[in-house]
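Data block below; observations after.
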Amino acid sequence: MSILRPLDNLDVDGKRVLVRADLNVPMHHGRIEDTTRIERLLPTLRHLLDHNAKVILISHFGRPKGEFDRDLSLAPLADALSHILEDKEVRFAIDCIGKEAEDAVNALAPGEVLLLENLRFHPGEKANDPHFASALAALGDCYVNDTFSCSHRAHASIVGLAEALPSAAGFLLQQEVENLQNVLQDAEKPLAAIVGGAKVSTKLAVLENLVEKVDALVIGGAMANTFLLAQGLPIGNSLHEPDLVRKAQEILDKASVGGCQILLPNDVVTARALEPQTECTICYVSDVASDSMILDIGPETVGRIRETLSTCKTVIWNGPMGAFEVSPFDVGTISIARAVASLTQQGKLVSVGGGGDVVSALGSAGLTSSFTYISTAGGAFLEWLEGKELPGIAVLR
Ligand code: ADP
Ligand code: MG
Numbered sequence: 001m002s003i004l005r006p007l008d009n010l011d012v013d014g015k016r017v018l019v020r021a022d023l024n025v026p027m028h029h030g031r032i033e034d035t036t037r038i039e040r041l042l043p044t045l046r047h048l049l050d051h052n053a054k055v056i057l058i059s060h061f062g063r064p065k066g067e068f069d070r071d072l073s074l075a076p077l078a079d080a081l082s083h084i085l086e087d088k089e090v091r092f093a094i095d096c097i098g099k100e101a102e103d104a105v106n107a108l109a110p111g112e113v114l115l116l117e118n119l120r121f122h123p124g125e126k127a128n129d130p131h132f133a134s135a136l137a138a139l140g141d142c143y144v145n146d147t148f149s150c151s152h153r154a155h156a157s158i159v160g161l162a163e164a165l166p167s168a169a170g171f172l173l174q175q176e177v178e179n180l181q182n183v184l185q186d187a188e189k190p191l192a193a194i195v196g197g198a199k200v201s202t203k204l205a206v207l208e209n210l211v212e213k214v215d216a217l218v219i220g221g222a223m224a225n226t227f228l229l230a231q232g233l234p235i236g237n238s239l240h241e242p243d244l245v246r247k248a249q250e251i252l253d254k255a256s257v258g259g260c261q262i263l264l265p266n267d268v269v270t271a272r273a274l275e276p277q278t279e280c281t282i283c284y285v286s287d288v289a290s291d292s293m294i295l296d297i298g299p300e301t302v303g304r305i306r307e308t309l310s311t312c313k314t315v316i317w318n319g320p321m322g323a324f325e326v327s328p329f330d331v332g333t334i335s336i337a338r339a340v341a342s343l344t345q346q347g348k349l350v351s352v353g354g355g356g357d358v359v360s361a362l363g364s365a366g367l368t369s370s371f372t373y374i375s376t377a378g379g380a381f382l383e384w385l386e387g388k389e390l391p392g393i394a395v396l397r
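Residues in the sequence shown are numbered consecutively from 1, following our numbering.
Written out as structure tokens, the structure is:
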């Protein structure tokens with residue numbers, strides 16, 4: 001693509017190339033649940049290795065508090081990367097800056113791959129601290145951003161590095177921008193958005209903007225609980241954010257003024273604990289027991305969402321409808337995924353899905369190729385959709 005500095009134009013022969021990837025893959029009890037994000041890095045990695053580069057991969061993982069956290073180490077990702085690179089050795093350095101990182105980089109030969117430890121173990125990453133950015137920049141001769149999914153963050157590894165070194169957009173980043181532009185530039189209306197997942201707080205700004213843009217907004221997952229509470233409904237022990245009840249009410253008001261149809265669950269699946277094959281109850285949202293948790297949308301809600309989707313021309317989806325990692329609380333997410341996939345296959349709907357967890361759910365249901373486009377990005381793709389220039393992309397123009 002012409003507007004972003006392309007990787008093909010970057011001279012990488014024998015060079016130390018810092019590649020910002022998104023290795024923030026869904027993990028459950030230390031096991032990688034979905035390798036889509038890793039696999040989609042392959043074109044860039046192959047290009048760099050074929051052109052004799054010394055590849056240094058950098059990424060964040062989870063939300064550490066600016067210091068080392070054993071549970072959020074990137075170490076397990078080295079094996080996963082090695083596996084995808086047909087058992088090519090991927091070395092690991094226990095820090096992303098300083099002596100450990102420098103020694104590991106100095107030991108690297110052209111055509112070899114090194115993974116550095118979680119960037120967010122240093123507060124300078126999120127702060128885009130110039131000292132942290134230059135410590136990182138000192139490890140490379142040039143920089144490649146291959147993560148659309150993190151390009152909405154003005155962090156050191158996204159913006160600071162691109163300013164400090166000769167830089168380019170990797171093939172995955174280019175592909176994401178190109179495809180989203182093609183699919184959503186002049187999105188046909190009615191346009192629906194499905195937003196779910198764990199928290200309102202992480203997607204608040206997006207929800208506020210979406211109600212102005214879309215004709216229908218489906219709210220599911222745990223974030224729906226805060227909205228249900230805002231409507232005075234009982235939510236028992238469900239995951240929710242009490243601080244955001246007022247904000248949720250404002251969003252509902254804004255939607256009703258602007259003519260955006262809001263679809264909240266009217267029935268839900270509840271259980272006392274989030275455990276596999278636990279005893280669960282389907283009930284109306286007015287009847288949630290005080291000792292239970294809402295863990296999925298119910299069958300009537302699925303039917304209503306399906307009906308709305310059948311009147312729409314375009315749908316964008318980020319965030320699962322329930323705690324889909326644990327059966328049977330995946331039923332709502334999978335049912336909606338099947339409905340979207342089927343309408344897409346019939347040529348009635350243009351569908352774009354994004355976000356680590358949705359991509360993982362679609363993958364396990366075998367539905368990935370039935371959507372018009374699947375983005376590795378969640379938040380970034382929603383911000384892009386708001387018409388915002390993402391800082392990581394602006395700096396590569
Ligand atoms: P994405 O990665 O697709 O953007 P999020 O990271 O925001 O999605 O949220 C995904 C998480 O939300 C999943 O781990 C899922 O189990 C959790 N979740 C969804 N609905 C519920 C619920 N009702 N109760 C508890 N957790 C939920
Ligand atoms: Mg997630």
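Note that beta-carbon positions come from the ideal geometry of N, C-alpha and C, so glycine has one too. Just so you know, these numbers come straight off a predicted model, no measurement behind them.
Worksheet item: Got a sec, what are the start and stop residues for the alpha helix (DSSP H) V302 sits in?
Response: Where V302 is concerned, the enclosing alpha helix (DSSP H) stretches over 299-309.
Discussion item. Just to confirm my understanding: we take P276, look at its own chain, exclude 5 residues before and 5 after, and list those with CB closer than 8 Å. What are they?
Written reply: V326, S327
Worksheet item: Is M1 helix, strand or coil by DSSP?
Response: Below a pLDDT of 50, predicted positions are generally treated as unreliable, and M1, at 41, falls in that range; the measurement from the model is reported next regardless. In this structure, M1 counts as coil in the three-state DSSP scheme.
Practice prompt. Look at L228 and V285 and say whether their C-beta atoms are less than 8 Å apart.
Written response: yes
Worksheet item: For N237, which of helix, strand or coil comes out of DSSP?
Response: coil
Item to complete: Please find out if some non-hydrogen atom of the ligand MG comes closer than 7 Å to the beta-carbon of G356.
Response: yes
Discussion item. Are the CB atoms of V352 and S369 within a distance shorter than 8 Å?
Written reply: no
Discussion item. In the DSSP output, what is M293 paired with across the bridge?
Written reply: Assignment of beta-bridge partners to M293 by DSSP yields A271.
Worksheet item: For I262 versus L204, is the C-beta distance shorter than 8 Å?
Response: no
Worksheet item: Does any residue of chain B bring its CB to less than 8 Å from the CB of H122?
Response: The chain labelled as chain B is not found in the depicted structure, where only one protein chain is given.
Worksheet item: Comparing the CB of A289 with every heavy atom of the ligand ADP, is any distance shorter than 7 Å?
Response: no
Item to complete: With DSSP as the reference, please indicate the residues paired to M27 in a beta bridge.
Response: I32
Worksheet item: What are the uninterrupted segments assigned as alpha helix (DSSP H) that are 4 or more residues long and contained completely in the region 95-168, given in chain order?
Response: 98-106, 123-127, 130-137, 161-164
Practice prompt. Could you name the residues of the same chain whose beta carbon sits closer than 6 Å to that of A222, not counting the 5 residues immediately before and after it, in chain order?
Written response: Around A222: A198, L239.
Fill in: CB contact flag (S313, V350, <8 Å)
According to the sequence shown, residue 313 is Lys rather than Ser. Cβ distance < 8 Å, so K313 and V350 count as in contact.
Discussion item. Given a cut-off of 8 Å on the beta-carbon distance, is the pair E389 and N209 in contact?
Written reply: no
Discussion item. On the criterion of 16 or more Cβ atoms from any shown chain inside 10 Å, does S2 qualify as buried, or is it exposed?
Written reply: Note that S2 scores 45 on pLDDT, short of 50, meaning its location in the model is unreliable and no value can be drawn from it.
Practice prompt. Check each candidate in R91, L108, A156 and name the one with the smallest Cα separation from P123.
Written response: A156
Item to complete: Assuming C403 and E117 form a contact by the criterion Cβ under 8 Å, report the distance between their Cβ atoms to the nearest whole angstrom.
Response: Examination of residue 403 is not possible in this model, given that the chain is present from 1 through 397 alone.
Fill in: Buried/exposed call for E86, threshold 16 Cβ in 10 Å
exposed
Worksheet item: How is L184 classed by DSSP in three states: helix, strand or coil?
Response: helix
Worksheet entry | Three-way DSSP call (helix, strand, coil) for K54 in this model | Under the three-state reduction of DSSP output, K54 falls in the strand class.
Worksheet item: Mind checking whether F68 and L23 have CB atoms under 8 Å apart?
Response: no
Worksheet item: Roughly how many whole angstroms lie between the Cα atoms of L18 and T36?
Response: Going by the C-alpha atoms only, they are around 21 Å apart.
Fill in: Beta bridge counterpart(s) of A192 as assigned by DSSP
A216, V315
Item to complete: Please report the residue range of the alpha helix (DSSP H) in which T344 lies.
Response: 331-345
Item to complete: Would you kindly report the start and end of the unbroken beta strand (DSSP E) that includes G354?
Response: 350-354
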